[in-house]
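I have placed the structure first, in the form of structure tokens, so that the comments after it can refer back to it.
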């Protein structure tokens with residue numbers, strides 16, 4: 101039965117602290133990863149479906165396009181061979197700017213990576229270059245957890261972050277979509293959004309978020325407003341997560357490689373299909389392999 105896929109090492113151990121130097125090592129043939137470099141047709145490259153970044157600064161892209169038009173692309177993009185053409189792994193800004201510059205080809209490093217490595221590298225590249233909004237980062241973490249059964253502890257180790265940081269970023273997905281949009285657009289900061297999460301219901305969160313944006317409220321002012329809103333509704337502010345229970349959930353998810361929830365004095369273990377259920381039952385020792 102298939103086990104959870106993992107690289108086995110933290111991403112920083114594999115790719116280093118600088119993603120650019122990782123690409124340089126591949127290009128120079130000094131990396132253990134097998135790769136070839138060539139000039140390939142831009143029309144043959146498909147976007148990376150695991151690209152966590154959804155918004156691109158138009159002015160910055162135009163400036164890059166002007167530079168590419170004059171000097172060319174200095175650093176190759178990263179792609180993998182597909183049944184037809186290539187899948188982009190990293191370098192979407194360079195690819196987009198090259199299209200704006202009306203280039204027909206682009207230098208590329210071709211590697212043989214699976215879907216999981218594509219997603220991990222896309223996430224790593226954007227995080228190291230601080231390109232992601234907090235919401236994009238949260239969605240990327242959530243995709244790794246749901247699709248590849250990562251635990252928050254796994255993500256923390258792979259990305260060189262604390263588990264608390266991973267937890268706090270993921271909590272942003274509990275915000276109403278209207279508030280998430282404010283964070284994505286930079287109208288609300290990560291810290292302001294976290295303060296709003298203390299409220300119990302979505303309408304209250306949206307109301308406070310709108311007021312915070314309109315009046316330019318600080319985090320402390322938002323916290324006071326949330327307490328006042330909770331008191332006025334007769335509902336207490338959301339209780340902070342219990343660190344002990346968070347740790348228990350994390351350990352169970354790591355053991356069973358699937359999502360686990362603890363609520364109402366019950367433990368819920370998720371499974372995808374019969375094969376996945378049998379895998380979990382084997383780990384529990386309830387059936388034989």
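Numbering (the numbering used here), first residue to last: 101 to 389. We put the beta carbon where it would ideally sit given N, CA and C, even for glycine. Being a predicted model, the structure only gives us computed values, none of them experimental.
For residue 306, there is no enclosing beta strand (DSSP E); the enclosing alpha helix (DSSP H) has its first and last residue at 302–315. Taking the C-beta atoms as reference points, residue 219 is found nearer than 8 Å to residue 243.
Ranking 253, 192, 204 and 201 by CA distance to the CA of residue 223 puts 192 first. Setting aside the 5 residues that flank it on each side, residue 302 is surrounded in the same chain by 276, each with a C-beta closer than 8 Å to its C-beta; the list follows chain order. Distances from the alpha-carbon of residue 197 to those of 278, 171, 166 and 209 put 166 closest. For the pair residue 252 and residue 350, the CB atoms are nearer than the 8 Å cut-off. Around the beta carbon of residue 148, 16 or more other beta carbons sit within 10 angstroms, so the residue counts as buried.
Between residue 179 and residue 145 a beta carbon distance of about 6 Å is seen, short of the 8 Å cut, so the two are scored as contacting. For residue 211, the enclosing beta strand (DSSP E) begins and ends at 205–211. With respect to the 8 Å criterion, residue 240 and residue 273 are not classified as neighbours on the basis of their beta carbons.
Going by DSSP, residue 368 is part of the beta strand (DSSP E) stretching over 366–369. Taking C-beta separations shorter than 7 Å and ignoring five residues to either side along the sequence, the partners of residue 371 in its chain run 358, 377 and 380, following chain order. Beta-bridge annotation (DSSP): residue 181 is paired with 186. Rounded to the nearest whole angstrom, the CA to CA distance from residue 139 to residue 204 is 10 Å.
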